[in-house]
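Take any residue in the sequence shown, count from 1 to its spot, add 341: that is its number in the numbering used here. Cβ coordinates follow ideal geometry from the N, Cα and C atoms, glycine included. Everything below concerns the one structure shown next.
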Amino acid sequence: MTQSSTLCLDELVFDNRFIRELPADPLLKNSRRQVKKACFSYVQPTPVSDPVLVALSSEMIDELNLSKDSDTDPQFLQVFVGNQLLNGMKPYAMCYGGHQFGNWAGQLGDGRAINLGDVITENNKRWSLQLKGAGPTPYSRTADGLAVLRSSLREFLCSEAMYHLGVPTTRALSLALTGEKVVRDMFYDGHPEYEPGAVVCRVAPSFTRFGNFQILSAQNDIENLKKLVDHTIKTDFPHLDHSAQDIYLQWFKEVCTTTADMIVHWMRVGFVHGVMNTDNMSILGLTIDYGPYGWLENYDPDWTPNTTDANGRRYRFSSQSQIALWNLLQLAEAIYPLINDTKPLEEILQHYNDYYQQQYNDMMANKLGFEQSSEAVEELAIQLLQLLTVVETDMTLFYRALSKIELEESIYMQDSLLHEFFEPAWYQPDQVDGNYLSQLKAWLQNYQKCARDLKLSEEDRKNRMNNTNPKYVFRNYLAQQAIDKALEGDYSMVHELLNVFRKPYDEQPENEIFSAKRPEWARHRAGCSMLSCSS
Ligand code: AMP
Ligand code: MG
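Below is the structure:
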């Protein structure tokens, strides 16, 4: 098979190492239960009546070397809603536990995710295929195992948008309607309604979460904990030195590093995950489980999109790095029985803070156009973030506007020019008074001076800024508009957005409309300003 010819579905090569190497739940009945001494349960997807393909990711199609015509292939649709299995697929749901909002919740598991198997591509990459919303599993507890169109559309588009933004993430291959109706009480306020059911096929090198290790440790099943850790290191961390005595510590350190890297990316693009429970933390440092997530529009470090978290704001934008650290501490406790020494684990966790801070500082420096952080640049970044909260300012638009300011020029110190440049980013221009403008001018002068002192060239600065600060992000109101249309049977906006998000750092004048700040109607509208976990 040459690289250029594509595969038909039946030619996909599967290697289901997770279920081959790890202990299975011996019960095959699809009943809800507590599962012990096992990493997963075999389960079949529930067939659906009338599937319709809404969208697929052509990049993911290419990764799997499938045909570009998959969107018209009836078999593709049947397979990726769970109506048909390919040779080599052996569906299963993973067993995991987790801390939810800081409390140990016991067994959770894939309650509505069903893994189909791992595809091995020609260039030897492993891609796990997983259906989300394909029916109940032994881990569904009291819920139905299903997903609705609105949340599935949000997951499909956001994971692909994140990929193009350069943020580590699980991916999505397809989004399809099932033809079934699903009851949801969106705000848990006694107003259940029927919504269209949907299935997303998610894709990742591995869907293992911190919670997979936690559940075995909590059950004191150290034998299987060791099996899972060894399997994970071998399969998902092949580059580590497996013969090293401190391999578990090396591995944990890498999990800390990749987790920190992921959060730095979130802070760069203004992403708020919304439910950073330990069952939603990928062992590979991938953004996983797109639920009530959101994007910062006006820069507000305290913002959380999740209505369940509205009071405590545990998962607010500015807390994400510390919550990740707390989650890493839970992982450290889970794997402790394999290490039996707290000191090196503590040292690695302490290193997380230094590492995160350094990466964060460099990222903020890049956002301002500098190659790397320094004391002066750090100070500038701190002052700017403070300034962005003085008047309601769109974070994404502000950085793009800032890149257009010329370093050598003093004309920007005129009020009219400041308005011209920054007004598109201000939500309430009447908040902009003389006091604010003089603070902004003072900051810009410091910025210009700092750039000159560091001999930063205009070209380098602009290029770096426009490669760091996206122009197009998946604004909360855009998601809602795409959902509203899709509910009417019009999927055009899903395709338009998928296309715009392919090049989020490009200007794309023809797509300017998708970069606009949040319209006033969206300020307090459900789905735009806040979301519940109901999905
Ligand atoms: P989440 O908040 O989406 O990360 O989900 C937390 C847990 O609840 C996971 O174990 C999910 O599999 C499970 N879950 C969420 N929604 C459903 C559903 N509709 N049916 C079954 N399980 C669900
Ligand atoms: Mg989850």
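Which one or two residues does DSSP pair with residue i in a beta bridge?
i	result
residue 764	According to DSSP, residue 764 bridges with nothing at all.
residue 455	472
residue 922	Past the boundaries of the shown model lies residue 922; the chain is included only from 342 to 876, so the question cannot be answered.
residue 489	538
residue 355	460
residue 381	365, 435
residue 495	Beta-bridge pairing links residue 495 to no other residue.
residue 512	544
residue 517	394, 540
Is residue i near ligand 2, with its Cβ less than 6 Å from a heavy atom?
i	result
residue 451	no
residue 621	yes
residue 650	no
Where does residue i sit, in a helix, a strand or coil, going by DSSP?
i	result
residue 612	strand
residue 461	strand
residue 350	helix
residue 396	strand
residue 360	helix
residue 522	strand
residue 433	strand
residue 735	strand
residue 421	helix
residue 442	coil
residue 480	coil
residue 467	strand
residue 698	helix
residue 500	helix
residue 343	Unreliable placement is indicated for residue 343, whose pLDDT of 43 sits below 50; the coordinate value is still reported in the next sentence. Coil, per DSSP.
residue 374	coil
residue 449	coil
residue 322	Beyond the ends of the chain as shown, which are 342 and 876, falls residue 322; an answer cannot be given.
residue 427	coil
residue 709	coil
residue 407	strand
residue 769	coil
residue 416	helix
residue 389	coil
residue 774	coil
residue 887	Nothing about residue 887 can be read from this structure; the chain reaches only from 342 to 876.
What's the call for residue i, buried or exposed, on a 16-neighbour Cβ count within 10 Å?
i	result
residue 563	exposed
residue 783	exposed
residue 860	exposed
residue 368	exposed
residue 342	Low confidence applies to residue 342: its pLDDT is 42, below 50, so where it sits in the model is not reliable enough to give any reading.
residue 854	exposed
residue 592	buried
residue 604	buried
residue 836	exposed
residue 723	exposed
residue 354	exposed
residue 445	exposed
residue 862	exposed
residue 465	exposed
residue 585	exposed
residue 873	buried
residue 735	buried
residue 810	buried
residue 457	buried
residue 483	exposed
residue 375	exposed
residue 499	buried
Please tell me whether, using a cut-off of 6 Å, the distance from the CB of residue i to the nearest non-hydrogen atom of ligand 1 is below it.
i	result
residue 823	no
residue 484	yes
residue 632	yes
residue 616	yes
residue 372	no
residue 481	yes
ask   = At which residue ranges does the stretch 793-876 contain complete alpha helix (DSSP H) runs of 4 or more residues, listed in the order of the chain?
value = 799-809, 817-828, 833-841
message = Threshold first: 4 residues or longer. Then list the alpha helix (DSSP H) segments lying entirely within the stretch 529-602, N to C.
response = 551-559, 563-577
inquiry  = Restricting to runs no shorter than 4 residues, where is the alpha helix (DSSP H) found entirely within the stretch 621-668?
reply    = Runs found: none.
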